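>
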Amino acid sequence: MPGTGFNKGYSMSMTVLAIAEQKDGKLSSISYELITAAQKIGGELITVILAENADSLAADLASHGAGKVLAVTTPALKYFNDEIYAAVVSGLIRKYNPKLVIGPATSYGKSLMGRLAALNDAAMASDIVNLHADGDRVIVSRPAYGGNVIFDLSGAEDKIFFATIRPKIFDESKEGTGEGEVVSESPDDAVFQSKTVVQEMVVESGSSVNITEADTIVAAGRGIRGKENLPMIQELADSLGAAVGASRAIVDADWIAYRHQVGQTGKTVNPKLYITAGISGAIQHLVGMQTSKTIVAINRDKEAPIFKVATYGIVGDIFEIVPALTKRIQAGG
Ligand SMILES: Cc1cc2nc3c(=O)[nH]c(=O)nc-3n(C[C@H](O)[C@H](O)[C@H](O)COP(=O)(O)OP(=O)(O)OC[C@H]3O[C@@H](n4cnc5c(N)ncnc54)[C@H](O)[C@@H]3O)c2cc1C
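Residue 314 is where the sequence shown ends in the working numbering, and the numbering goes up by one at each step.
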């Protein structure tokens, strides 16, 4: 389509509704990734932000190319309550009639989007890594079998479709890439009725960086020998501004909390840099991290399976290499 500014396959008529995520009044990085993902469809983009004070967040999104930004501000949205959030967004879906609704594949998005799809009697694809429009259809790609297969799913032509976007796949949209209109939406009081009342949110102590959002992760395995050696890993992570990940072996041994676990029964991560220290590379671990952009593995066994997926491998003792790396990084490279 010369001259239209759209590549072949883009839909000029399809409306995409993106549901941004905020925590403690701050936009999560995935919110900007959703904008980039939605722009791949090429139709009208509407972004929704729900918060106790959504106005400044909406202005921020609008300046990042989020299209028309719907801001819903009320104290009832202070804490995430999927029942209330889903009722509010469902009202907006009825009003704006999007073809595709996307949200983040985070705890927030997973809880909200499944409920929304059910309320709207629609299909949903979770954890997608790509999407495009093909005429009036939305085609999304998602991994299966531990990331060994990527397959395409399509929404029905005449139905709304829901999808959650895997974090760290799409680039964050940049500031200054748009000046969208901000619209304040005020749903009826009835949608704020819920059987659940969230009294407070307590942040787990020690959870400095969330592994699913981190650009860099230093992950520890059984090779660290005991809980007392975790500070060595934490120090390397701190020197890089990284989050600490873990194999299931050390979670099961109670050396570190479950929220750090990467893998089949833990979290799927996709950072720019994933460093492993004393992790063998069992398939159940690999499925959670093998899409990381750069993988650096440190293991004293040169036959360890982790080296098959590593970009750079260091065969050696973590008790020598990890402190040496930390020292080097702290000294500025
Ligand atoms: C259904 C199921 C689900 C599972 N889900 C997960 C999951 O989500 N995530 C996960 O991680 N695992 C999972 N597992 C467990 C998985 O199979 C492995 O047991 C686990 O990942 C092993 O953890 P590890 O690599 O830390 O330990 P190990 O396999 O014991 O490896 C330790 C490694 O450290 C190296 N090492 C030891 N000392 C040193 C040293 N001083 N210097 C350098 N290297 C050293 C060794 O050479 C070895 O390679 C699952 C298993 C099952 C059956």
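For glycine and all other residues, C-beta sits at the position ideal for the given N, C-alpha and C. The structure displayed is predicted, hence computed values, not measured ones.
Near residue 138, what residues of its chain come up, given a Cβ to Cβ distance below 7 angstroms and the 5 sequence neighbours on each side ignored?
117, 118
> Might you give, ordered along the chain, the residues of its own chain that have their beta carbon closer than 7 angstroms to the beta carbon of residue 315, omitting 5 neighbours on each side?
This structure cannot settle anything about residue 315, because the visible part of the chain is limited to -18 through 314.
> Can you give, in chain order, each stretch of the beta strand (DSSP E) that sits fully within the segment 82 to 155 and has at least 3 residues?
104 to 109, 111 to 115, 118 to 125, 130 to 135, 142 to 146
> So, with DSSP's three-state summary, where would you put residue 279?
strand
> Decide yes or no for the touch test of the segment 262 to 269 against the segment 285 to 299: beta carbon pairs closer than 8 angstroms, at least 3 of them.
The answer is yes - the segment 285 to 299 touches the segment 262 to 269, with three or more Cβ pairs under 8 angstroms.
> By a C-beta neighbour count over all protein chains shown, 10 Å radius and 16 as the cutoff for buried, is residue 311 buried or exposed?
exposed
> Which term fits residue 304, buried or exposed, when burial requires 16 or more other beta carbons within 10 angstroms of its beta carbon?
exposed
> Residues bridged to residue 26 by DSSP?
The secondary-structure analysis by DSSP pairs residue 26 across a beta bridge with -3.
> Hey, quick one: how far does the alpha helix (DSSP H) through residue 305 stretch, first residue to last?
299 to 311
> Using C-beta distances below 7 angstroms, list every residue in its chain close to residue 105, excluding the 5 sequence neighbours before and after it, in chain order.
94, 95, 98, 143, 144
> Taking 6 angstroms as the cut-off, is the beta-carbon of residue 266 closer than that to any non-hydrogen atom of ligand 1?
yes
> Which residues count as close to ligand 1 when the rule is a CB under 5 angstroms from any of its heavy atoms, in chain order?
202, 203, 204, 228, 229, 230, 244, 245, 246, 247, 259, 260, 261, 263, 265, 266, 280, 281, 282, 285, 298, 299
> Using 7 angstroms as the threshold, is the C-beta distance between residue 132 and residue 18 below it?
Not in contact: residue 132 and residue 18 (Cβ atoms no closer than 7 angstroms).
> Determine contact between the segment 223 to 241 and the segment 78 to 90, defined as no fewer than three beta-carbon pairs at a distance below 8 angstroms.
Touching, no.
> Measure the C-alpha to C-alpha separation of residue 153 and residue 252 and round it to an integer number of angstroms.
13 angstroms
> Report the option in 129, 270, 20, 25 whose CA atom is closest to the CA atom of residue 197.
Per the Cα distances, 270.
> Excluding the 5 residues preceding and the 5 following residue 181 in the sequence, name in chain order all residues of the same chain whose CB lies nearer than 8 angstroms to its CB.
Taken in chain order, the residues that qualify are 60.
> So what does DSSP say about residue -10, is it helix, strand or coil?
For residue -10, the pLDDT reaches just 49, beneath the cut-off of 50, and the residue's location in the model is therefore unreliable, although a value from the coordinates is still provided. Coil.
> Closest to residue 195 by C-alpha separation, out of 177, 221, 206, would be which residue?
221
> Quick check: what's the CA-CA separation for residue 203 versus residue 212?
14 angstroms
> Can you grab the Cα-Cα spacing for the pair residue 199 / residue 77, in whole Å?
43 angstroms
> Express the C-alpha separation of residue 219 and residue 121 in angstroms, rounding to a whole number.
36 angstroms
> Round the Cβ separation of residue 241 and residue 226 to the nearest angstrom and send it over; I've been treating them as touching at under 8 angstroms.
6 angstroms
> Measure the C-alpha to C-alpha separation of residue 126 and residue 255 and round it to an integer number of angstroms.
21 angstroms
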